[in-house]
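First up is the structure itself, then whatever we jot down about it.
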Amino acid sequence: MIDFIIAAKSKSTRVPNKNWRPFHNELCLVDINIEKLISAGIAPESIYVSCDDAAIAMPVVERWGVEFIRRDSELCENHVSLTKCMREIAAQVPGQNNIGWCHVVDPLFDEYRACIDQFEKNDGHDSLVVAHAWKGHLMTPSGQPIGWSFGEHHTISQHLPAFMTMPFCFSILTRSCIKEFGYYVGKTPYWFQSHGHHVDINTELDFAIAQHAYKATSAYFETKTNQ
141 MIDFIIAAKS KSTRVPNKNW RPFHNELCLV DINIEKLISA GIAPESIYVS CDDAAIAMPV
201 VERWGVEFIR RDSELCENHV SLTKCMREIA AQVPGQNNIG WCHVVDPLFD EYRACIDQFE
261 KNDGHDSLVV AHAWKGHLMT PSGQPIGWSF GEHHTISQHL PAFMTMPFCF SILTRSCIKE
321 FGYYVGKTPY WFQSHGHHVD INTELDFAIA QHAYKATSAY FETKTNQ
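Position one of the sequence shown corresponds to residue 141 (this note's numbering), numbered consecutively onward.
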């Protein structure tokens, strides 16, 4: 069994009110994350929204019938270690179910069901972590190509090696893994390669780009469904 934590503090230093302000059709990023989890078959009572401000969080919590856990305001400060934050927030969820740790900064991610099914195979992994394949003409700071060559031996983009990137959008972890490592990755992770597009909202421009991408993606799949 898995319980899901949506970590969404009330304030953001780089993008004010990022998690809670309207993002699409008056829904905020937390709304969208909850909606995706429920669409993946997750019961609302297994979804916990972690926020330091109940006044901000409760309208969304009540709209979807999910659970609320009040985060200590100290755990929202940038100087507090991530490991402390994860351990203490996870400890607030009752029981000993595994934990699905959700971030709302990639509203394009929509493979929760596939991640859950993979993790529940019980194949010896203490964690599952979403990753994306990335290809590009990567170079060192001094201009040395990595995995490709200049001149006559130039490598076209189709033949470039794939690097893996970790977007920090979703992980599933055992309770013992969280207690030991306090991080998104355990000792024996399963790297779930997402094949969808992704965004990462760190600036106001990222927020605007993500809005357009989410709207376009939603319209695309709606058209496909209706064909």
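Don't be surprised by glycine CBs; every beta carbon is placed ideally from N, CA and C.
Original post:
Between which two residues does the alpha helix (DSSP H) carrying Met-88 extend?
Top reply: No information on residue 88 is available, as it lies outside the stretch 141 to 367 that the chain covers here.
Original post:
Taking the alpha carbon of Cys-317 as the point to measure from, which residue in Ala-230, Ile-187, Phe-303 and Leu-345 has its own alpha carbon closest?
Top reply: For the residues Ala-230, Ile-187, Phe-303 and Leu-345, the minimum Cα distance to Cys-317 belongs to Ala-230.
Subject >> Span of the alpha helix (DSSP H), counted from its first residue to its last, around Ile-182 >> reply: Note, Ile-182: premise wrong, no alpha helix (DSSP H); not H, not E.
Original post:
Met-306 to Val-339, Cα distance in whole Å?
Top reply: Near 12 Å, if we compare the C-alpha coordinates of Val-339 and Met-306.
Original post:
Near Pro-301, which residues of its chain fall below 7 Å by C-beta distance, leaving aside the five closest residues on each side in sequence?
Top reply: Gly-287
Original post:
Taking one C-beta from the region 232-244 and one from the region 142-162 each time, how about it: are there three or more such pairs within less than 8 Å?
Top reply: yes
**OP:** If I'm right that Asp-193 touches Ser-152 with Cβ under 8 Å, what's the distance once you round it to whole angstroms?
**Re:** That belief does not hold up - the Cβ atoms of Asp-193 and Ser-152 are roughly 12 Å apart, past 8 Å.
**OP:** State the start and end residues of the unbroken alpha helix (DSSP H) segment that holds Arg-315.
**Re:** Unbroken alpha helix (DSSP H) run through Arg-315: 315-321.
Original post:
What first and last residue would you give for the beta strand (DSSP E) that runs through Ala-271?
Top reply: Taken as a continuous stretch (DSSP letters only), the beta strand (DSSP E) holding Ala-271 covers 267-274.
Original post:
Mapping DSSP to helix, strand and coil, what is Ile-341?
Top reply: In the structure shown, Ile-341 sits in coil (DSSP, three-state: anything other than H, G, I, E or B).
Original post:
Does DSSP put His-293 in a helix, in a strand, or in coil?
Top reply: helix
Original post:
Leu-177: which of Thr-314, Phe-163 and Arg-253 sits nearest, CA to CA?
Top reply: Closest in alpha carbon position to Leu-177, among Thr-314, Phe-163 and Arg-253, is Arg-253.
Original post:
Are the region 210-221 and the region 180-193 touching by the rule of at least three beta carbon pairs closer than 8 Å?
Top reply: yes
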